[in-house]
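Input: a single structure, listed below in structure tokens.
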Amino acid sequence: MLKSLSVKDFALVEKMNLDFNKGMISLTGETGAGKSILLGAIGLLSGDKPKKTAVRSGTDQAIVSGVFDISYLSKVKAFLDERGLIDADNEDECIIRRVIRKDGRSSSFINDSATNLKTIVELGEMLIEIHGQHQHQNLSKKRKQFDILDSFSGLKDKRKIVSEYYRVWKQKEEDALKIKEDFEDNYNKYQLLNYKKNELEALEIKENEVEDLEIEQQDLSSADSIISDCEESVSILKDGVGGNDDVISLLGRVLSNIENLNDEERTKDILEMLETAKINAEEASDSIKLYRDNFEVNPERLIEVEDRLRTLNKAAENFHCLPEQLFSILPSIKKEIEELNYSEDAVKEAEDAVESAYQEYLEKAKELSNLRMKGALELCKSVNKETIKLNLAEDILKIDFKFSHKTKEFDCSAYGIDTVDFLIRPNLGQEYQSISVIASGGELSRLSLAVQVVSFKNEKKPTMIFDEVDTGLSGETGNVVGDLLRRVGELGQVMCVTHLPQVAAQGHSHYFVSKNNVERNGEMITLSNIRELSKDERVAEVARMIGGDINSKDTLQSAKSMLCD
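In this note's numbering, the protein residues as written are 254 to 818.
As structure tokens, then:
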């Protein structure tokens, strides 16, 4: 319940402090006086975004603060406690404060602790429910119909459970899809890797094979010239060429000539060098012969080597590597294959988990559906009882359920397996049709009021606000609406902005909104003010709303007779 409201520099309000009690609270005033300002301030406490005109002209910021009695609201206390926002010194009260700056930014506080707007919205949903002038239009929206039915039937907690099972089921579906995609990706990768492995194994590549083949190719390609050069070199050293003496023979002749000098003392070193040169020439000739013998002209082998190198070069192109890297690729591919997880067992397990989660969801959703059908009958019965008083047709409301109990033919959602449709028949004998198709604005407004009131009886919100929901009503119907709101107010706290004297007179308390021009800093400005009326002031205000001469005894007497004690 909203115990008090403090407003500073908000819209046309300079400063205002109001205290509220339980019951029905009537809010009246002349058109344009600023009744919407009060609702706007309360709306901020429930998480509404501020309008551009929220900050009073000439000021830097607006402050709206509300004190709520939460002594009997265990869910609210738990909500605050979970977030560390409960007031340890007074757990039975909750203070919500919004600060709106003129640049459009805002700050939010719960029990003087800074918080975010999302938390304010969640808390506001548990404390306040505002029904505007066009609230009846929501009655044709499917989500709102679910909310009304589940609220009336006390099934919102069960719906949350179903919603959680639905979330788990859908998460399992996502997980299974990813596992299946991973399996397909890994299996395709396995196929490719296995193909590469088979290709490499078929090549039977040896370590350093490419390097060895390139050397062999070089040797085979130049074998003719190598052998020719070697043979010519041997001839020069040992056999002679073109009739000329060979190098070894020439060295022998030089050696003999030096020996014939008979000057051993001075030619000793020369003789040693010549002897060494002759020996080296002979050894070199033998070594060249041995080197030459390692080569042979073998065209067939050269073709084999070149074919093998072409094969390996082609494979290297396919594997996007250098030919000499082919040998090391095979072990890494084998390791990749071993590490790949492409087991169909994981896919089967994931699919089984999806089916299990679906069946669990379905079980809970069917339970909810059965309870909803029972609740729908009670809701229609209760609403139709009230709508007769509001001058609507007998048994005007009917709730239709559309679903199939065959496996997986349900219209599954977080709301369950049901598709509900609120049907009405404006007149007896007519067929029931969807509200969105057949209802007139006036009928829908009165039906909406009856639905809201009946729902409130079953799920009591601490504060319910009706903003001119009686628009278009008059006379006896207005009396019925007023009586209806008063009875609901006796169950909690109901604020009602109204233009009907019949409705205003039913309030347990009455607040009047006025607008006045006042002087501030040498200039005239317009300010709105809201105050609680005394009993005599209420008589005068109801008389004004009736119309006619407000000073007339008859008008005042009529007003007095309309007021409830």
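Where is the CB? At the ideal position from N, CA and C, for every residue including glycine.
Which residues DSSP lists as bridging residue i, in chain order
i, result
"LEU271", "LEU258"
"CYS347", "PHE321"
"ASN782", "SER767"
"THR672", "LYS655"
"THR716", "ILE381"
"SER361", "ARG351 and THR368"
"GLU772", "MET777"
"THR281", "PHE765"
"LEU819", "With the chain covering only 254 through 818, there is no way to say anything about residue 819."
"VAL747", "MET277 and MET717"
"VAL308", "PHE263"
Integer Cβ distance of residue i from residue j, believed to fall under 8 angstroms
i, j, result
"LEU271", "SER781", "With 8 angstroms as the limit, LEU271 and SER781 do not qualify as a contact, their Cβ atoms being about 13 angstroms apart."
"LEU697", "GLY731", "Not really, about 17 angstroms apart at Cβ, beyond 8 angstroms."
"SER299", "GLY377", "3 angstroms"
"ARG561", "LEU445", "Contact flag wrong, Cβ pair sits at about 26 angstroms."
"ILE586", "LYS450", "5 angstroms"
"TRP422", "TYR668", "About 14 angstroms separates the two Cβ atoms, so there is no contact after all."
"GLU647", "LEU676", "Contact doesn't hold; Cβ gap of about 15 angstroms is too wide."
"SER689", "SER393", "4 angstroms"
"SER609", "TYR419", "Rounded, the Cβ-Cβ distance is 14 angstroms, inconsistent with contact."
"ARG678", "LEU643", "Actually they are not in contact, since the Cβ atoms of ARG678 and LEU643 sit about 15 angstroms apart, beyond 8 angstroms."
"ILE349", "ILE373", "7 angstroms"
"LYS835", "LEU504", "Summary: the structure shown does not reach residue 835, with the chain confined to residues 254 through 818, and so no result is reported for it."
Close Cβ partners of residue i (< 8 angstroms) along its chain, the five nearest in sequence each way excluded
i, result
"GLY293", "PHE263, ALA264, ASP301, LYS304 and ALA307"
"ASN369", "SER361"
Other residues of its chain near residue i: CB distance less than 7 angstroms, five sequence neighbours each side excluded
i, result
"GLU344", "LYS330"
"ILE401", "VAL704 and SER708"
"ILE235", "This structure leaves residue 235 out entirely; the chain is present only between 254 and 818."
"ASP472", "PHE548"
"LEU297", "PRO303, VAL317 and ARG351"
"SER811", "ILE799"
Exposed unless 16 or more other CB atoms sit within 10 angstroms - verdict on residue i
i, result
"THR660", "Because THR660 sits at a pLDDT of 47, beneath the cut-off of 50, its placement in the model cannot be relied upon, and the following sentence gives the value as read from the coordinates. THR660 should be labelled exposed."
"SER404", "buried"
"VAL819", "For residue 819 there is no data in the structure shown, the boundaries of the chain being 254 and 818."
"ARG506", "exposed"
"GLY287", "buried"
"MET815", "buried"
"ILE468", "exposed"
"ARG412", "buried"
"CYS817", "exposed"
"LYS806", "exposed"
"SER478", "exposed"
"ARG739", "buried"
"TYR614", "buried"
Sequence-distant residues of its chain with Cβ nearer than 6 angstroms to residue i (five each side left out)
i, result
"LYS268", "LYS261"
"VAL607", "LYS425, GLU426 and ALA429"
"LEU258", "LEU271 and GLY319"
"PHE273", "LEU255"
"PRO715", "MET254 and LEU380"
"VAL706", "LEU737 and VAL741"
Closer than 9 angstroms to chain B by CB, residue i
i, result
"LEU333", "Annotation note: the requested chain B is absent from the structure, which comprises a single protein chain."
Sequence ranges, alpha helix (DSSP H) only - wholly within the stretch 538–612, length at least 4: 552–571 and 579–592, all fully within the stretch 538–612.
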